[in-house]
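This report concerns only the one structure given below.
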Amino acid sequence: MKCPECNIQMDLTWRRYASAPFSRFRCPSCSTKFKFKRPLWYWLFPIIQCVVMLLGGAGILYYMVGHPSLGSYTKPAIVALSIAVIMASLVIDRNLEKSFETVKS
Ligand SMILES: [Zn+2]
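And the structure:
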């Protein structure tokens, strides 16, 4: 990503990514605050994520009330799938954001 003020190129490291949950960054060179210019379709990702998490939660509840059609493997499978989805969406999100233009905030 690039600073919109001084055009310095910096890497969106995991550390930087993790310390900016709302993707507000400060340029290490000129201290300008900036953010990503996100296209509208970007907001589909958190929506999909929410839906998957809700489905996963519903699956766990379903398991806990003891539905006979579910085997003992269901719960760990749902937990593993949820973790995999979170990890995958973090990786996708970081790579997407890297490619976005930045604007002053
Ligand atoms: Zn700068």
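Mind the numbering: the sequence shown is residues 868 to 972 in my numbering, read in order. Beta carbons: idealized from backbone N, C-alpha and C, even for Gly.
8 Å contact criterion, which Lys965 and Glu872 should meet: CB distance rounded
Contact doesn't hold; Cβ gap of about 19 Å is too wide.
Just list the residues that DSSP pairs Gln876 with in beta bridges.
Lys869
Would you call Gly924 buried or exposed, if buried means 16 or more other Cβ atoms sit within 10 Å of its Cβ?
exposed
Ser956 vs Gln916 beta-carbon contact at 9 Å:
yes
Per DSSP, what kind of secondary structure is Arg882 in: helix, strand or coil?
helix
Taking a cut-off of 6 Å, which residues have a beta-carbon closer than that to any heavy atom of ligand 3, in chain order?
As for ligand 3, it is missing from this structure, which binds only ligand 1.
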